[in-house]
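Numbering (numbering that gives the first Met the number 0), first residue to last: 0 to 400.
For glycine and all other residues, C-beta sits at the position ideal for the given N, C-alpha and C.
As the structure is a computational prediction, the values presented were derived from the model and not from experiment.
Notes follow the structure.
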Amino acid sequence: MRHLLSATCSRGIEPLLAQELLELGVPKVEERRGAVLFAGDLRLAYTVALWSRLASRVLLELACFPAADADQLYAGVRGVDWSGQLGPDQSLTVDFVGVNEQLRHSGFSARVVKDAVCDAIRDRTGRRPDVNTERPDLRLHVHLSGAEAALSVDLAGEPLHLRGLDRQAGEAPLKENLAATILRIAGWTGADERTLLDPMCGSGTLLIEAGMVRRDIAPGLLRRRWGFDRWRGHQRALWEMVVREAMERRKAAAERKLRLVGVERDPDVLALTRRNAAAAGLDLRLTRGGMEEARPPRGEPGLVVTNPPYGLRLGDEQEARETLSNLGDVLRQRFLGWTAFVLVGSTQQVGALGLKPSRRIPIKNGPLDARLVELRIAEHAPLGLGAPGWRKAPAAEPAEE
Ligand SMILES: C[S@@+](CC[C@H](N)C(=O)[O-])C[C@H]1O[C@@H](n2cnc3c(N)ncnc32)[C@H](O)[C@@H]1O
């Protein structure tokens, strides 16, 4: 059966998500604000849910109907055949996105939807399902656009950036799908044999995502809960087939060598990084220390990918600029021939790096308008500039802890 499907994402990354979906075998995509629409069978929906590194959710449309006001919204939801979706002894929750002239409060609109579902099931069975916002059996998603509503089953349940690792995080961790977006922009693929170094790795999100790409590990493979687990439309055998194929791919790539290096000054955070990497089954080379002492491992120039502290709290801005300035020095003096991708908090902070970016890509980090800058470090240090620093320090493998 062919379904209308959508993968949601942060604003601005729709073209990257569209490209990812095409690579996953989606035949045709349509970009919208914060989502990419496509059509396909349940197997394709499962594949995208399991494999998309960039998406936040995957939604399967049940109905699309006029919803200029609460009555129309109620009637549209009630008209759906709920027997194939949810039973009276199950629970649901409703996410409602969008407003129009009559439906101005999404909390109210969500209640209208929930009432319509419960009334429809009660009329058929004599019992009403429960509402459970924490662990519902079915998470419904309604997207209101003008006077039209699209009602979908949320196949993800918990958002897809949760990779099932029970990740322990330090301060300001990146969401996994943002880390994956940065790596995609950086051109990182499973075939990449270069060293990838994060000199301020925090809890290791960028390194772990890079390792999962390199080892062809589906981002959802370790998740234990999905939005479709207790959905009546779920086809368990089909899902298990999609998972089995992903396990075979992981096995086939298990011997790919990883050159993933992390540096972090906070020992407690580094301990979390080790736990996170172990949970993902990835061996990272982690060093405790200041980024100021980071040196490239021997071998070909590689890739630096990092997100330094933004300095959001009052008084931290100056420190954040100093960190960026030091990072710029370290890159210029020691990482000759490398390419760096640095996520900085704002356009104003870019200058602190003291290096001319070859690209500046606006990127949302939650509510923040961050910038991802690409820096191509020259292969030779300019005469006089920074020469003492890098000449004194011979390239050496970072000492492993
Ligand atoms: C914004 S966090 C990185 C978050 C990381 N990408 C993650 O997802 O967990 C910045 C990290 O840089 C570390 N840090 C700040 N200054 C540093 C320095 N000079 N040398 C090494 N680490 C530093 C902080 O301890 C913090 O863990």
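Just reading off the beta strand (DSSP E) that residue i is part of, what are its end residues?
i	result
T194	Counting along the chain, T194 falls outside any beta strand (DSSP E), and DSSP gives it neither H nor E.
T188	Taken as a continuous stretch (DSSP letters only), T188 belongs to no beta strand (DSSP E), as it is neither H nor E.
K174	Run containing K174: none; DSSP gives neither H nor E here.
V262	L259 to E263
G33	From DSSP, G33 is part of no beta strand (DSSP E); its letter is neither H nor E.
I360	R358 to N364
H233	No beta strand (DSSP E) contains H233, which DSSP labels as neither H nor E.
H2	H2 to T7
With hydrogens ignored, establish whether the beta-carbon of residue i is closer than 7 Å to any heavy atom of ligand 2.
i	result
M290	Absence of ligand 2 from the depicted structure is noted, with ligand 1 being the only ligands included.
Where do the N-terminal and C-terminal ends of the alpha helix (DSSP H) with residue i fall, by residue?
i	result
A277	P266 to A279
E208	T204 to R213
Just to confirm my understanding: we take residue i, look at its own chain, exclude 5 residues before and 5 after, and list those with CB closer than 6 Å. What are they?
i	result
L161	none
V372	V341, V349, P356 and R359
L330	A339 and I376
H140	L58, D94, S151 and D153
L352	L323 and G327
Quick one: what's got a C-beta closer than 7 Å to residue i's C-beta in the same chain, skipping five residues either side?
i	result
L16	A6, C8, V35, L53 and A54
T46	L23, G24 and V241
L354	G327, L330, R331 and L374
C117	R127 and P128
G11	P361, I362 and K363
L269	E263, L285 and R287
DSSP three-state label for residue i, please.
i	result
L221	coil
G83	helix
I12	coil
E378	coil
D70	helix
G39	strand
P387	Only weak support exists for where P387 lies, its pLDDT of 41 falling under 50; the value from the coordinates is given anyway. Three-state result, P387: helix.
A252	coil
E170	coil
V93	strand
R284	strand
A54	coil
L23	coil
R404	The structure shown does not extend to residue 404, since the chain is modelled only from 0 to 400, so the question has no answer here.
V76	helix
L161	coil
R370	strand
A293	coil
Using a Cβ-Cβ cut-off of 8 Å (strictly less than) and excluding sequence neighbours within five positions of residue i, which residues of its own chain qualify?
i	result
L221	R162, G163, L164, A278 and A279
H2	A38, G39, D40, L41, A44, L59 and E60
Q234	L41
Worksheet item: Mind pulling the alpha helix (DSSP H) runs of 4 or more residues that sit fully within the region 96-158?
Response: 105-124
Worksheet item: For the region 277-294 against the region 223-231, are there 3 or more C-beta pairs whose distance is under 8 Å?
Response: no
Worksheet entry | Validate contact between the region 98-117 and the region 169-179 using beta carbons, cut 8 Å, 3 pairs | no
Discussion item. Quick check for students: name the residue ranges of the beta strand (DSSP E) that lie wholly in the region 298-356, counting only runs of 3 or more.
Written reply: 302-305 and 338-343
Worksheet item: Okay, do the region 313-323 and the region 264-277 touch, 3+ Cβ pairs below 8 Å being the bar?
Response: no
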